[in-house]
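In the working numbering, the protein residues as written are 1180 to 1626. For every residue, glycine included, the Cβ atom is placed at its ideal position computed from N, Cα and C.
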Ligand SMILES: Cc1cc2nc3c(=O)[nH]c(=O)nc-3n(C[C@H](O)[C@H](O)[C@H](O)COP(=O)(O)OP(=O)(O)OC[C@H]3O[C@@H](n4cnc5c(N)ncnc54)[C@H](O)[C@@H]3O)c2cc1C
């Protein structure tokens, strides 16, 4: 177990073994290692293997793309730089959230009311897709339904009332219920909240077990999965070629799914993403009576602050608590004590419970917080920037990428038509963003 100090020296907790050392890694079902791309695999054409599609990145976007493409009859090679699930997909909060990271109003501004209804329907399809995949591939991943948005002040409660109305009247969504202050204890055992919005359409999963279940399904569908195989260079063109340290892949199509972990491999994609750190801690299993007191409804919870707290009970009775968003991609010096402080604010009864696991991860955030899907020429598709809202939307991305590559581009093009601007100052110099975060923090404090 890494100490707080070693975590501080290793912000993304990336060097701790094959997988980052998380609760998810400690509780995964199974994770068969996949070979790295090697020259011995090359075919008679020379120094590369060939496929219809090469996918770069083994997170939920890449694996979903590969699975959907294989189901549509494509031969697919997937290259993952480390282990499948090494990035955000293997270390997130596991919350299945309705809609998008931005408000629907932002999407209406971009595409108008009528098309925004299609976007809403696609976000519902994303959640339905997770459930369908869990059932179809018999993935054991602690899936449960139910979500609770918590209001920390009256202003946030008014926001939730407006959200409830908007989803109901404009999008016909009838799964939310407003929760008054005196009914909050039925949902969350804290006095911190002024009320909330319960959403029967949200939920939670163990994201790494879900992803590894999808990877197994992809392999069974014929996808060739390679780990420890970072793409180091891409030759674009009619038939892109992807280079790794130990071999190459030539394909008719390339899917870029490295998101916030892609680094500078494709500079024009990097410029449109801010890499934001978020932090997660997990307690030991709680006494069942205490667990029932603090989380009586056993749903996933988040508050409405710009820098929000998000938490849920795991399948084995622990509190998994996420907090913090650091737009300068740094992290608090002592991660466990930072998270313990956040937990104590919500649940004073947990003041003396030490955290067993703590880690951090990078979230790819776009300027408008709408996911960034598009093409770099006719043969390269990409999807990134789910802005902290990607557990379900990544599966949709994979589905739409597969549709587009196999001749049905219409639904992918709805997203691809949205303009995404680069961040001022570049991806790792984001003064405007840091200022914006300072403003949001102040706003949260003032209520
Ligand atoms: C701490 C945290 C909490 C979060 N909580 C939630 C939540 O509760 N609910 C929610 O909806 N969303 C949440 N998110 C966001 C969500 O996890 C992401 O939107 C989603 O996982 C993105 O998946 P992805 O496949 O696009 O990217 P990733 O999962 O980051 O996968 C990218 C992969 O590409 C690989 N890669 C990068 N470069 C290369 C290369 N050159 N060659 C080969 N492979 C490469 C990386 O190693 C990585 O495995 C959270 C994110 C974090 C970090």
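First and last residue of the beta strand (DSSP E) that includes residue i?
| i | result |
| --- | --- |
| residue 1322 | That residue, residue 1322, is in no beta strand (DSSP E); it is neither H nor E in DSSP. |
| residue 1213 | Segment: none, residue 1213 is in no beta strand (DSSP E) and carries neither H nor E. |
| residue 1497 | Neither: residue 1497 is in no beta strand (DSSP E) and is coded neither H nor E. |
| residue 1563 | 1559-1563 |
| residue 1227 | 1227-1235 |
| residue 1377 | 1374-1383 |
| residue 1426 | 1426-1435 |
| residue 1457 | 1453-1461 |
| residue 1481 | 1479-1482 |
| residue 1151 | This structure cannot settle anything about residue 1151, because the visible part of the chain is limited to 1180 through 1626. |
| residue 1422 | 1420-1423 |
| residue 1358 | 1355-1358 |
Does the Cβ of residue i lie closer than 7 angstroms to at least one heavy atom of ligand 1?
| i | result |
| --- | --- |
| residue 1438 | yes |
| residue 1305 | no |
| residue 1313 | no |
| residue 1324 | no |
| residue 1341 | no |
| residue 1403 | no |
| residue 1201 | no |
| residue 1251 | no |
| residue 1388 | no |
| residue 1295 | no |
| residue 1276 | yes |
| residue 1489 | yes |
| residue 1409 | yes |
| residue 1412 | no |
| residue 1393 | no |
| residue 1542 | yes |
| residue 1568 | yes |
| residue 1271 | yes |
| residue 1240 | yes |
| residue 1573 | yes |
Compare the beta carbon distance of residue i and residue j with 8 angstroms and say whether it is the shorter of the two.
| i | j | result |
| --- | --- | --- |
| residue 1597 | residue 1279 | no |
| residue 1283 | residue 1345 | yes |
| residue 1233 | residue 1338 | no |
| residue 1305 | residue 1575 | yes |
| residue 1426 | residue 1559 | no |
| residue 1454 | residue 1543 | yes |
| residue 1440 | residue 1599 | no |
| residue 1591 | residue 1579 | yes |
| residue 1539 | residue 1456 | yes |
| residue 1479 | residue 1497 | no |
| residue 1214 | residue 1256 | no |
| residue 1379 | residue 1238 | no |
| residue 1537 | residue 1460 | yes |
For the alpha helix (DSSP H) that residue i lies in, which residues bound it at each end?
| i | result |
| --- | --- |
| residue 1538 | No alpha helix (DSSP H) holds residue 1538; the beta strand (DSSP E) holding it covers 1536-1544. |
| residue 1244 | 1239-1250 |
| residue 1291 | 1283-1315 |
| residue 1404 | It is not in any alpha helix (DSSP H) - residue 1404 instead sits in the beta strand (DSSP E) that spans 1403-1405. |
| residue 1552 | Here residue 1552 belongs to no alpha helix (DSSP H); instead the beta strand (DSSP E) covers 1551-1554. |
Of the choices the options, whose alpha-carbon is the least far from that of residue i?
| i | options | result |
| --- | --- | --- |
| residue 1438 | 1389, 1587, 1551, 1530 | 1551 |
| residue 1569 | 1207, 1227, 1261, 1273 | 1273 |
| residue 1451 | 1335, 1566, 1545 | 1545 |
| residue 1352 | 1374, 1303, 1316 | 1303 |
| residue 1489 | 1526, 1343, 1359 | 1526 |
| residue 1350 | 1381, 1361, 1292, 1332 | 1292 |
| residue 1236 | 1247, 1259, 1250 | 1259 |
| residue 1517 | 1458, 1257, 1494, 1463 | 1458 |
| residue 1485 | 1347, 1502, 1333 | 1502 |
| residue 1392 | 1208, 1375, 1495 | 1208 |
| residue 1499 | 1374, 1505, 1521 | 1521 |
| residue 1359 | 1342, 1275, 1265, 1377 | 1377 |
| residue 1199 | 1587, 1340, 1585, 1262 | 1262 |
| residue 1472 | 1432, 1528, 1281 | 1528 |
Quiz item: Is the region 1396-1411 touching the region 1235-1249, taking contact as three or more C-beta pairs under 8 angstroms?
Solution: By the Cβ criterion, the region 1396-1411 is in contact with the region 1235-1249, since at least three pairs of Cβ atoms, one from each stretch, lie closer than 8 angstroms.
Quiz item: Is there contact between the region 1551-1562 and the region 1461-1469, where contact requires at least three CB pairs shorter than 8 angstroms?
Solution: no
Quiz item: Contact between the region 1376-1386 and the region 1304-1319: three or more CB pairs below 8 angstroms?
Solution: yes
Quiz item: Would you call the region 1402-1410 and the region 1356-1374 touching, i.e. three or more CB-CB distances under 8 angstroms?
Solution: no
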